[in-house]
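Residue numbers (this note's numbering): 516 to 948. Beta carbons: idealized from backbone N, C-alpha and C, even for Gly.
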Amino acid sequence: MSAVARAPARLALRRAWASDDFRWGAGIVVGALILRIAFVLLFGRTKVGFNDTFFYQLVADSLAHGHGFTFGGHQTVHWPPGYGFLLGGVYAVFGTSMVNALLLNAVLGSATVGTVYLVALRVFGRTTAIAAALGVAVMPGQLIIGNVALSETLYTLMLVGFIALATLLEWRPRTVVLLGVLAGLAALTRGEGFLFPVIVLAMWWWRGLRRQAILRALAVAAVMLVTVAPWTIRNAVVVHAFVPVATNASDTLWSGHNSSAQGGPVYAPHTLLLKARGANFELAEANLLRREALKFAVHHPLRELKLIPLKLAALSRGDSFLIDTWLNTRGQHAIEPGTATVVGVIADLASEALMVATILAVVLFRRSLWRIPMMRGVLVFLALAIPLYGFVYYGNVRYHVPLEPLMLLVIAPALGAAWAARERFLPKSEQAA
516 MSAVARAPAR LALRRAWASD DFRWGAGIVV GALILRIAFV LLFGRTKVGF
566 NDTFFYQLVA DSLAHGHGFT FGGHQTVHWP PGYGFLLGGV YAVFGTSMVN
616 ALLLNAVLGS ATVGTVYLVA LRVFGRTTAI AAALGVAVMP GQLIIGNVAL
666 SETLYTLMLV GFIALATLLE WRPRTVVLLG VLAGLAALTR GEGFLFPVIV
716 LAMWWWRGLR RQAILRALAV AAVMLVTVAP WTIRNAVVVH AFVPVATNAS
766 DTLWSGHNSS AQGGPVYAPH TLLLKARGAN FELAEANLLR REALKFAVHH
816 PLRELKLIPL KLAALSRGDS FLIDTWLNTR GQHAIEPGTA TVVGVIADLA
866 SEALMVATIL AVVLFRRSLW RIPMMRGVLV FLALAIPLYG FVYYGNVRYH
916 VPLEPLMLLV IAPALGAAWA ARERFLPKSE QAA
């Protein structure tokens, strides 16, 4: 790049740095990255457990070495490919190491902080943006989940990024394409990504705009399906069946609808899996578990009703549950017991306080919040979690962690208003100081 070409870039950077908004945002993002890297170095789960991290590690390593999306030497359709492909790219460049996976999560988590700051800055102003971004930066659940090689950190960035783009961009054909592609990539990372067009529907759902809202949501959904289609075709070639993204949704469905269900994660016993018959075990298992789950739901309606509060309770458990389930599980205690207790207490207090504050904000300020297009999208997506995890699937702390930045966007205006109004209650001597 010539000196002439570099000059405008330097000028633009200098102008940006002169902005208080930019300096605040950059400072919070850099602080979030430093905090996350420190967490990785101190408490990172660097050993693979016999869980989802085992899959992501093997698949990413396979992709990095040019062997395709395989698990145990065989083509797989069991898990969504999004995070595995991203991790495989990192491994191809920097080497296969769980530390590299966690450092990737640190970057993704910091990007989420910056995205929250940008959208809150545009909608509410600097004070609220600072409150929301700082909340995401230091939220214990966000730090803990980033210390495990799971897809949640990437999905959280995609969710917040989708809301930000839908808020910040003017509605043009390229906006439809961008939102649809991002929704498709999110669906290829976690199945909840298929619900992203509902955010567009909610944001534009206002008097005189409802037909437009429906058309825009449908347009985004169409691009999303086109984005997912190549992977669906790949799955059809591999297993000769229609598998839109992955078969693991059937496992999740069964966990919420069986005789052993208690609201949280339950795994199918070996005796049941022996009944899976077919040329491809992953497909046969999915068909079996889906069939058994639907049969249980139809024949046990009262039990299904009793499971709803149990699922919601499991969904809303404190974030300390992530420590025992993912960080300090078999093979490695990433956090020493004493430290784990302290971190766990802080994580529980933070996550429970956030959920209570979100409910209070919705109850007290629902009309004001609903008038803001971005908040309509946030509130509707949060509301979808109740039937999705309270009835269709099951409750899991992993499922509410990606929603925490959205909750912080809900309560941040109240925090910002309280901070802005603090001068009313300060003594005159402190105000002068």
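{"Check": "For Asn763, collect the residues of the same chain with a Cβ closer than 7 angstroms to its Cβ; drop the 5 residues on either side in sequence, then sort them by chain order.", "Outcome": "His593 and Trp594"}
{"Check": "Which residues in the same chain have their Cβ closer than 7 angstroms to the Cβ of Arg891, if we skip the five residues on either side of it in sequence?", "Outcome": "Ala717, Met718, Trp720 and Trp885"}
{"Check": "Closer than 6 angstroms by C-beta to Leu930: which residues in its own chain qualify, once you throw out the five before and the five after it? Chain order, please.", "Outcome": "Ala646"}
{"Check": "Have a look at Gly833, Asp576, Gln777 and Leu803 and flag the residue whose alpha-carbon is nearest the alpha-carbon of Leu822.", "Outcome": "Gln777"}
{"Check": "Are there 16 or more other CB atoms within 10 angstroms of the CB of Ala744, so buried, or fewer, so exposed?", "Outcome": "exposed"}
{"Check": "Excluding sequence positions up to five away, which residues of its chain have a Cβ less than 6 angstroms from the Cβ of Asp535?", "Outcome": "none"}
{"Check": "Whether or not the segment 534–552 and the segment 629–643 are in contact is what I'm after, with contact meaning three or more pairs of Cβ atoms, one per stretch, closer than 8 angstroms; do they touch?", "Outcome": "yes"}
{"Check": "Examine the Cβ distances between the segment 850–866 and the segment 674–689 and report whether three or more of them are shorter than 8 angstroms.", "Outcome": "no"}
{"Check": "Would you say Phe609 touches the ligand MG, meaning its beta carbon is less than 7 angstroms from a heavy atom?", "Outcome": "As far as ligands go, the structure on display features none, and thus does not contain the ligand MG."}
{"Check": "So which of Gly597, Ser577, Phe600 and Gly599 has the shortest CA-CA distance to His589?", "Outcome": "Ser577"}
{"Check": "Within this structure, are the beta carbons of Ala701 and Gly708 separated by less than 8 angstroms?", "Outcome": "yes"}
{"Check": "Name the DSSP beta bridge partners of Thr585, please?", "Outcome": "Gln590"}
{"Check": "Using only the alpha-carbon positions, how far apart do Arg637 and Arg882 sit?", "Outcome": "20 angstroms"}
{"Check": "Taking all protein chains shown into account, decide if Gly587 is buried (16 or more other Cβ within 10 angstroms of its Cβ) or exposed.", "Outcome": "exposed"}
{"Check": "Using 8 angstroms for Cβ pairs, my map puts Trp769 next to Glu819. What's the rounded Cβ distance?", "Outcome": "14 angstroms between Cβ atoms; not a contact."}
{"Check": "Give every residue of the same chain whose Cβ lies closer than 6 angstroms to the Cβ of Thr690, excluding the five residues on either side of it in the sequence, and list them in chain order.", "Outcome": "Leu684"}
{"Check": "For Asn750, which residues of its own chain have a beta-carbon under 6 angstroms away from its beta-carbon, when the five flanking residues on both sides are left out?", "Outcome": "Val592 and Val758"}
{"Check": "Would you say the segment 730–745 touches the segment 791–807, given that touching needs at least three Cβ pairs under 8 angstroms?", "Outcome": "no"}
{"Check": "When you compare the segment 896–916 with the segment 619–631, are there three or more beta-carbon pairs, one atom per stretch, that lie closer than 8 angstroms?", "Outcome": "no"}
{"Check": "Among the residues of its own chain, which have a CB less than 6 angstroms from the CB of Gly846, if the five just before and after it don't count?", "Outcome": "Lys562 and Gly564"}
{"Check": "Does the segment 831–839 touch the segment 782–789, meaning 3 or more C-beta pairs lie closer than 8 angstroms?", "Outcome": "no"}
{"Check": "Report the CB separation of Ala876 from Val925 in whole angstroms; it is logged as a contact under 8 angstroms.", "Outcome": "5 angstroms"}
{"Check": "What is the DSSP secondary structure of Ile850, counted as helix, strand or coil?", "Outcome": "coil"}
{"Check": "Between Val735 and Val895, what straight-line distance do the alpha-carbon atoms span, to the nearest angstrom?", "Outcome": "17 angstroms"}
{"Check": "With distances taken from CA atoms, which of Ser831, Leu804 and His848 is nearest Glu867?", "Outcome": "Ser831"}
{"Check": "With distance defined between alpha-carbon atoms, name the residue in Ala927, Met922 and Gly905 nearest to Thr671.", "Outcome": "Met922"}
{"Check": "In or out: Pro596 buried (at least 16 other Cβ within 10 Å) or exposed?", "Outcome": "buried"}
{"Check": "So, using beta-carbon positions, are Asp766 and Leu825 closer together than 8 angstroms?", "Outcome": "no"}
{"Check": "Do you know offhand how far Thr704's Cα is from Ser666's?", "Outcome": "7 angstroms"}
{"Check": "Determine the contact status of Ala575 and Gly610, defining contact as a CB-CB distance below 8 angstroms.", "Outcome": "no"}
{"Check": "Less than 8 angstroms between the CB atoms is what I'm expecting for Ala616 and Ala664, so what's the real figure, rounded?", "Outcome": "4 angstroms"}
{"Check": "Looking only at its own chain, which residues have a Cβ that is under 6 angstroms from the Cβ of Ala756, when we skip the five neighbours before and after it?", "Outcome": "Leu798"}
{"Check": "In three-state DSSP terms, what is Glu707?", "Outcome": "helix"}
{"Check": "Can you name, in chain order, every residue of its own chain whose Cβ lies under 7 angstroms from the Cβ of Ala872, other than the five neighbours on each side?", "Outcome": "Ile926"}
{"Check": "Sorted by chain position, which residues of the same chain lie with C-beta nearer than 6 angstroms to Asn773's C-beta, five sequence neighbours on each side aside?", "Outcome": "Phe811"}
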